[in-house]
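Asks: After the structure tokens below, expect a handful of questions from me.
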Amino acid sequence: MTLRKSLRNIAIIAHVDHGKTTLVDMMLRQTGSFTAHEELTDRVMDSGDLEREKGITILAKNTAVKWNGLTINIIDTPGHADFGGEVERGLAMVDAVILLVDAAEGPLPQTRFVLRKTLERRLPVVLVINKVDRPDARVKEVVNEVENLFLDLDADEHQIAFPILYASARQGWASASPDDTGGDLTPLFQTIADFVPAPEYQEGHGLQAIVCNLDASPYLGRLALCRIINGYLERGQRVAWCRIDGSIEHAKITELFITEALERIPAQSAGPGDIVAVAGFEDITIGETLADPDNPIALEPLHVDEPSLSMTIGINTSPLAGTEGRLLTARMVKDRLDKELVGNVSLRVLTTERPDAWEVQGRGELQLAVLIETMRREGFELTVGKPQVVTKIVDGKVHEPLEHVTIDVPEEFVGSVTTLLATRRGTMVDMVNHGTGWVRLEWRIPARGLVGIRTEFMTETRGSGMMHSNFDGYAPWFGDIRLRQKGVLVSDRRGYTTGNALIDLEARGVLFVGPGVEVYEGMIVGENARSDEMNVNPTKEKKLTNMRASGSDNTERIAPPTIFSLEQALEFIADDESAEVTPKSVRLRKVVLDRAGRARLHKKG
Ligand SMILES: Nc1nc2c(ncn2[C@@H]2O[C@H](COP(=O)(O)OP(=O)(O)OP(=O)(O)O)[C@@H](O)[C@H]2O)c(=O)[nH]1
Ligand SMILES: [Mg+2]
Numbered sequence: 000m001t002l003r004k005s006l007r008n009i010a011i012i013a014h015v016d017h018g019k020t021t022l023v024d025m026m027l028r029q030t031g032s033f034t035a036h037e038e039l040t041d042r043v044m045d046s047g048d049l050e051r052e053k054g055i056t057i058l059a060k061n062t063a064v065k066w067n068g069l070t071i072n073i074i075d076t077p078g079h080a081d082f083g084g085e086v087e088r089g090l091a092m093v094d095a096v097i098l099l100v101d102a103a104e105g106p107l108p109q110t111r112f113v114l115r116k117t118l119e120r121r122l123p124v125v126l127v128i129n130k131v132d133r134p135d136a137r138v139k140e141v142v143n144e145v146e147n148l149f150l151d152l153d154a155d156e157h158q159i160a161f162p163i164l165y166a167s168a169r170q171g172w173a174s175a176s177p178d179d180t181g182g183d184l185t186p187l188f189q190t191i192a193d194f195v196p197a198p199e200y201q202e203g204h205g206l207q208a209i210v211c212n213l214d215a216s217p218y219l220g221r222l223a224l225c226r227i228i229n230g231y232l233e234r235g236q237r238v239a240w241c242r243i244d245g246s247i248e249h250a251k252i253t254e255l256f257i258t259e260a261l262e263r264i265p266a267q268s269a270g271p272g273d274i275v276a277v278a279g280f281e282d283i284t285i286g287e288t289l290a291d292p293d294n295p296i297a298l299e300p301l302h303v304d305e306p307s308l309s310m311t312i313g314i315n316t317s318p319l320a321g322t323e324g325r326l327l328t329a330r331m332v333k334d335r336l337d338k339e340l341v342g343n344v345s346l347r348v349l350t351t352e353r354p355d356a357w358e359v360q361g362r363g364e365l366q367l368a369v370l371i372e373t374m375r376r377e378g379f380e381l382t383v384g385k386p387q388v389v390t391k392i393v394d395g396k397v398h399e400p401l402e403h404v405t406i407d408v409p410e411e412f413v414g415s416v417t418t419l420l421a422t423r424r425g426t427m428v429d430m431v432n433h434g435t436g437w438v439r440l441e442w443r444i445p446a447r448g449l450v451g452i453r454t455e456f457m458t459e460t461r462g463s464g465m466m467h468s469n470f471d472g473y474a475p476w477f478g479d480i481r482l483r484q485k486g487v488l489v490s491d492r493r494g495y496t497t498g499n500a501l502i503d504l505e506a507r508g509v510l511f512v513g514p515g516v517e518v519y520e521g522m523i524v525g526e527n528a529r530s531d532e533m534n535v536n537p538t539k540e541k542k543l544t545n546m547r548a549s550g551s552d553n554t555e556r557i558a559p560p561t562i563f564s565l566e567q568a569l570e571f572i573a574d575d576e577s578a579e580v581t582p583k584s585v586r587l588r589k590v591v592l593d594r595a596g597r598a599r600l601h602k603k604g
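Residue numbering for the sequence shown follows numbering that gives the first Met the number 0, starting at 0 and increasing by one per position.
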């Protein structure tokens, strides 16, 4: 094996919010990777609109910096559990990882997930304890906890001998000793240079490059992001394209790019270990290999975890369809979902018994909500069903996905949180009282039991609790879980809401619409204080004043309605309900809109 000595490829992995993107920012800054005129926004790698709004990373992205004659390719990965598929792909491109752990929070569920994936790929780890500037940092304990996590995951001796650095990504420094604060990131770069293996390759071996990610360019069409394992790639060269289905095609590399800081730079050629983007392959997908045309040998395709949650996504079938969006037809929805599949290996799309709705499977609610949010911003109108877990049959029995949940709460809320999880069929597996007034609880719970739990959890802990979960295998079906205790108020007709009617309805529960809003039969306009479903008329005018314009009466006396975000709506709806999503609105509705139809269904039971 020969080494590509001037190159290092690393991925930064961690639980959500532990500071990955902030660290990449600082690495870019301290290597002078920004030109003077480039704007120094915080967390530049989080470039997507939704990423900036939500303050989280959704897509893994790569960048490259130069340090002391070395080129370091860095993959910034998302920390939220729903985007675990992105991390798995990122790991396929690198030779080592930087595992970031928050000095106060310690290892959390996604730390375990990303470390497990790293150890499975036998990649070396550099541990960086980040945020040591936090006043509540517990550096020593956290190092201990990470060591235990390695043992827990059956790391071998070699893997456990990892270097440890202490850092404040935000302040831009790292050091080998926890007492040595300040300075810059030199110790981190030095550790990468010394400890991360340079890419290895076989001298004289033909080309082998694996496609780990996809991107699109408005001029060039689809771009494939590849890691070259062996051999060389040249612009204009013909290569064998080994497809997932086993077939081999021949195609020309029309463009070749390497990454420098935040830009893709055209290149003539690239060699082993390089991470490149190539154009020229119209429907190339993740896991395919570009190989030597004379002796094509495909690489092992990437494996990612299976989806555990699904939703149906279909065209908007409400009476208001077509009034707010541009992209309405089944064909458009299907094409868009197909396009998403290409770039996202952790999603699946299945047909349903309806020709205008599809079952989309993914890793979690947030992943699916991000897809729907992206589509609505593009102009789609959609009907989205309640999130369902993906079951599977093991030994003839239905099994459902479980989640491992880690909860941090002030002591006084342990009782109410326990009740909340127990009624959703969770079992507690561990409880640690830190002696600081805070308690950490570990639970195992059917993934179904977590659907919609976040709002209630926040209410129960008065906004102070923290809850993180990730996939923890399958177990036999747990039986019924009753998620929503309350019923809904359903409009019994089409029209515009009136203040007059809403004042009457307020007595029944919490309203989701204000006055003067267009509603239809079967649309959910509020939550019933009681557990049953109630058909109501929110459009009722005041008696004898039928000359008056709708909505102008008494409005000032009505409490402002509860308006759901997309994610809240998906959490709220029950099995026989769905969300109508358009670029302008999120409405809740019954799947069966007409009242007589629902009554018949109900009778059938
Ligand atoms: N106190 C302190 N805060 C930090 C430090 N590093 C990052 N943060 C803050 O932590 C928050 C999350 O930082 P990000 O860099 O977005 O974290 P991330 O790991 O990229 O998050 P995801 O990509 O969503 O998983 C931000 O508010 C940062 O300012 C640090 O060293 N000290
Ligand atoms: Mg990030």
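Where a beta carbon is used, it is the ideal one built from N, C-alpha and C, also for glycine.
Just so we're clear, the structure is a prediction, and the values are computed from it rather than from any experiment.
#1: Secondary structure at SER415, three-state DSSP: helix, strand or coil?
#2: Quick one: what's got a C-beta closer than 7 angstroms to ARG588's C-beta in the same chain, skipping five residues either side?
#3: Starting from ARG652, trace the alpha helix (DSSP H) in both directions and tell me its first and last residue.
#4: Output the residues surrounding ligand 2, defined as those with a CB atom closer than 5 angstroms to any ligand heavy atom, in chain order.
#5: Tell me, to the nearest whole angstrom, how far the beta carbon of ALA95 is from that of PRO196; I am working on the premise that it is less than 8 angstroms.
#6: Is the Cβ-Cβ distance between ARG42 and THR20 less than 8 angstroms?
#7: Need the endpoints of the beta strand (DSSP E) that ASP101 sits in, please.
#8: Nearest to GLY464 by CA position, among ASP471, GLU248, GLU455 and ALA103, is which residue?
#9: With DSSP collapsed to three states, give me the class of ILE21.
#10: Within a Cβ cutoff of 6 angstroms, which residues of the same chain sit near VAL341, ignoring the five residues on either side of it in sequence?
#11: Nearer than 7 angstroms: is that true of the beta carbon of ASN129 relative to any heavy atom of ligand 1?
#12: Is PRO134 near ligand 1, judged by its Cβ being under 7 angstroms from some heavy atom?
#13: Please go through the region 446-526 and give each complete beta strand (DSSP E) segment of 3 or more residues, from N-terminal end onward.
#14: So what does MET310 bridge to, in DSSP terms?
#15: Where does ARG447 land, buried or exposed, given buried means 16+ other C-beta within 10 angstroms?
#16: Am I right that LEU71 and ARG7 are in contact with their C-beta atoms under 8 angstroms? What's the rounded C-beta distance?
#17: Which of the three DSSP states is assigned to LEU301 in this structure?
#18: Using C-beta distances below 8 angstroms, list every residue in its chain close to MET331, excluding the 5 sequence neighbours before and after it, in chain order.
#19: Can you look up ASN545 in the DSSP assignment and give me helix, strand or coil?
#20: Would you call THR62 buried or exposed, if buried means 16 or more other Cβ atoms sit within 10 Å of its Cβ?
#21: Going along the chain, which residues of its own chain have a beta-carbon closer than 8 angstroms to the beta-carbon of ARG599, five neighbours each way excluded?
#22: Return the chain-ordered ranges of every beta strand (DSSP E) run that is complete within the region 206-276 and spans a minimum of 3 residues.
#23: On the DSSP bridge list, what partners appear for ILE163?
#24: Mapping DSSP to helix, strand and coil, what is GLY384?
#25: Counting pairs of Cβ atoms below 8 angstroms between the region 436-446 and the region 405-418, do you hit three or more?
#26: Give me the Cα-Cα distance between SER549 and VAL535, rounded to the nearest whole angstrom.
#27: Quick one: what's HIS398 bridged to in DSSP?
#28: Once DSSP output is grouped into helix, strand and coil, what is the label at GLU1?
#29: Does ALA558 come out as helix, strand or coil in the three-state DSSP assignment?
#30: Quick one: measure Cβ to Cβ for HIS17 and ASN129, integer angstroms, because I've assumed they're closer than 8 angstroms.
#31: Could you check the C-alpha separation between LEU381 and LEU327 for me, to the nearest Å?
#32: Leaving out five residues before and five after LEU107 in sequence, what residues of the same chain have Cβ atoms less than 7 angstroms from its Cβ?
#33: Identify the continuous alpha helix (DSSP H) that holds THR426 and give its terminal residues.
#34: For ASN72, which beta-bridge partners are listed by DSSP?
#35: For LYS385, collect the residues of the same chain with a Cβ closer than 6 angstroms to its Cβ; drop the 5 residues on either side in sequence, then sort them by chain order.
#36: Return the residue from the list ASN212, ALA223 and ASN229 that minimises the CA-CA distance to LEU637.
Replies: Inspection of the coordinates gives the following:
#1: helix
#2: SER317, GLY521, MET522, ILE523, GLU576, SER577 and GLU579
#3: Only positions 0 to 604 of the chain appear in the structure, and residue 652 is not among them; the question remains open.
#4: LYS19, THR20 and THR56
#5: 7 angstroms
#6: yes
#7: 95-101
#8: GLU455
#9: The question names Ile, yet the displayed sequence has Thr at residue 21. Of the three classes helix, strand and coil, the one that applies to THR21 here is helix, per DSSP.
#10: THR284
#11: yes
#12: no
#13: 465-475, 486-490 and 508-510
#14: VAL359
#15: buried
#16: In the sequence on display, residue 71 carries Ile and not Leu. Sure, about 5 angstroms apart at Cβ, within 8 angstroms.
#17: coil
#18: PHE379
#19: In this predicted model, ASN545 has a pLDDT of only 49, less than 50, meaning its place in the structure is not dependable; the value taken from the coordinates is given anyway. The answer is coil: DSSP assigns ASN545 none of H, G, I, E or B.
#20: buried
#21: none
#22: 207-216, 220-229, 237-241, 247-251, 254-259 and 262-265
#23: LEU126
#24: strand
#25: yes
#26: Confidence is the limiting factor: at SER549 the pLDDT is only 49, short of 50, which leaves the residue's position unreliable, though a coordinate-based value still follows. Rounded to the nearest angstrom, the two C-alpha atoms are 17 angstroms apart.
#27: LYS391 and PRO475
#28: In the sequence as presented, Glu is not what sits at residue 1; that position holds Thr. Reduced to three states, the DSSP call for THR1 is strand.
#29: coil
#30: 6 angstroms
#31: 8 angstroms
#32: HIS14, THR405 and HIS467
#33: Counting along the chain, THR426 falls outside any alpha helix (DSSP H), though it belongs to the beta strand (DSSP E) covering 426-432.
#34: ASN8 and ALA63
#35: ILE572 and ASP574
#36: Any question about residue 637 goes unanswered here, given that the chain covers just 0 to 604.
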